[in-house]
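The opening position of the sequence shown corresponds to residue 1 in this note's numbering, with each subsequent residue numbered one higher. Yeah, the Cβ is synthetic: ideal placement off N, Cα and C, and Gly gets one too. On a predicted model such as this, the values are computed, not experimentally measured, just so you know. Some notes on the structure that comes next.
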Amino acid sequence: MSISLQGKVAVVTGGATGIGAATAQKLCELGASVAVLDRNEAAAQATVSGLQNAGHTASFHQCDVAIEADVKRAIDAALQKYKALHVLVSNAGIQRYGDVVSTSSKTWDETFDVHVKGAFYATKYAIPAMVAAGGGAIVMVASAQSFTAVANSAAYISAKHALVGMPRSIALDFARRNIRANCVCPGSIDTPMLRWTADRTGSPEKLLETLGKMHPLGRIGRPEEVANAIAFLASDWASFITGTTLTVDGGLLVPTGGMGFQESGIGTEAAK
Ligand SMILES: NC(=O)c1ccc[n+]([C@@H]2O[C@H](COP(=O)([O-])OP(=O)(O)OC[C@H]3O[C@@H](n4cnc5c(N)ncnc54)[C@H](O)[C@@H]3O)[C@@H](O)[C@H]2O)c1
1 MSISLQGKVA VVTGGATGIG AATAQKLCEL GASVAVLDRN EAAAQATVSG LQNAGHTASF
61 HQCDVAIEAD VKRAIDAALQ KYKALHVLVS NAGIQRYGDV VSTSSKTWDE TFDVHVKGAF
121 YATKYAIPAM VAAGGGAIVM VASAQSFTAV ANSAAYISAK HALVGMPRSI ALDFARRNIR
181 ANCVCPGSID TPMLRWTADR TGSPEKLLET LGKMHPLGRI GRPEEVANAI AFLASDWASF
241 ITGTTLTVDG GLLVPTGGMG FQESGIGTEA AK
């Protein structure tokens, strides 16, 4: 059996750019019809036009995932168009910086509203349609920072930790309805979000190079490398996988003490 999503309908939140856009493309290539939900109309229209021009079935549905009525309306519109829903990729996200003292309540709420409530609303309105279709697959995009922390990112890290729990809960509650729910946890991936972070440092290329060195594979990841993992979890190839997390991080979480420690003399190639 080769991997296929032929005849499936997928919703991808945050599908305008980065990991979401690469996922929309990959799901289309595997045969799915894809509804892109995003608040960035210009970028989402461009992504969807590109998919349509390549002969794929895709549509854009304007949506701020932090607003329940928006999510309901957009998923209803996708259902109206495609008559079914089998796959949800909950991917929309924003990056915000600050420790718990410097982070305002507004920023905290904004971060949780997009990442956590956004995933809650998307699943809340997608699952009944999946039940009606006889089953489905949910993939949430969390982060390597769902298990670890970097400095000055309290709201983002807390939200990403929360996202690892949600698919576990869904996996249990809807297993008997043939719905699977899993999480992918990317390391540093070359997307507009990472470039935005890099630009804040004043020397973006240096930051990207440093990030690359932190990953044992020696580089940051590409959006399509995360999209491949998402497509796998969304497909029947993952038919016995639910409630779990898949890190897509070039080995980032593996080395004790980080790569600096590995290269300090104890863990070097030369010490073998
Ligand atoms: N790039 C990385 O290094 C990295 C690492 C780990 C996890 N992630 C996660 O991957 C996901 C995708 O991020 P990306 O790196 O592709 O960034 P990105 O900025 O390219 O994509 C994020 C998308 O989400 C959309 N979005 C943001 N807020 C929204 C809202 N309220 N409603 C609807 N759409 C909204 C944006 O318009 C954009 O299209 C995010 O959840 C991010 O936290 C990224």
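beta-carbon residue i near ligand 1 non-hydrogen atom, thresh 7 Å
i: I189; result: yes
i: S143; result: yes
i: T107; result: no
i: G136; result: no
i: A119; result: no
i: A92; result: yes
i: N40; result: yes
i: V114; result: yes
i: D99; result: no
i: G14; result: yes
i: I19; result: yes
i: P192; result: yes
i: C63; result: yes
i: P283; result: Missing from the structure shown is residue 283; the chain here goes from 1 to 272 and no further.
i: P186; result: yes
i: A66; result: yes
i: P223; result: yes
i: A43; result: yes
Nearest-angstrom Cβ-Cβ length linking residue i and residue j, presumed shorter than 8 Å
i: T242; j: A181; result: 6 Å
i: V139; j: A69; result: Not really, about 24 Å apart at Cβ, beyond 8 Å.
i: G250; j: P216; result: 6 Å
i: G50; j: S90; result: Their Cβ separation, rounded to whole angstroms, is 22 Å, which puts G50 and S90 out of contact at 8 Å.
i: L88; j: A133; result: Not quite, the Cβ-Cβ distance comes to about 12 Å (not below 8 Å), so this is no contact.
i: L85; j: G31; result: Wrong, their Cβ atoms sit about 15 Å apart, outside the cutoff.
i: I3; j: F240; result: Contact flag wrong, Cβ pair sits at about 15 Å.
i: G218; j: S188; result: Going by Cβ atoms, the distance from G218 to S188 rounds to 12 Å, so no, they are not a contact pair.
i: H61; j: A46; result: At roughly 15 Å, the Cβ-Cβ gap does not stay under 8 Å, so H61 and A46 are not in contact.
i: T103; j: A66; result: T103 to A66, Cβ: 17 Å. No contact.
i: S33; j: Y82; result: 5 Å
i: A159; j: V116; result: 5 Å
i: P204; j: A198; result: 4 Å
Assigned exposure category for residue i - 16 Cβ within 10 Å defines buried
i: M130; result: buried
i: Q145; result: buried
i: A175; result: exposed
i: T256; result: exposed
i: F261; result: exposed
i: V36; result: buried
i: L172; result: exposed
i: A42; result: exposed
i: G202; result: exposed
i: G14; result: buried
i: S143; result: buried
i: G18; result: buried
i: K106; result: exposed
i: V114; result: buried
i: V141; result: buried
i: D109; result: exposed
i: G20; result: buried
i: G93; result: buried
Residue-chain proximity (residue i, chain D), Cβ-Cβ < 8 Å
i: Q25; result: Judged by its chain identifiers, the structure shown contains no chain D, having just a single protein chain.
**Prompt:** Using 8 Å as the threshold, is the stretch 156 to 169 in touch with the stretch 197 to 216, meaning 3 or more CB pairs across them?
**Reply:** no
**Message:** Pairs of beta-carbons, one from the stretch 16 to 33 and one from the stretch 51 to 69, closer than 8 Å: are there three or more?
**Reply:** Enough Cβ pairs lie closer than 8 Å, so yes.
**Message:** For the structure I just gave you, are there three or more beta carbon pairs, one from the stretch 122 to 129 and one from the stretch 146 to 158, closer than 8 Å?
**Reply:** no
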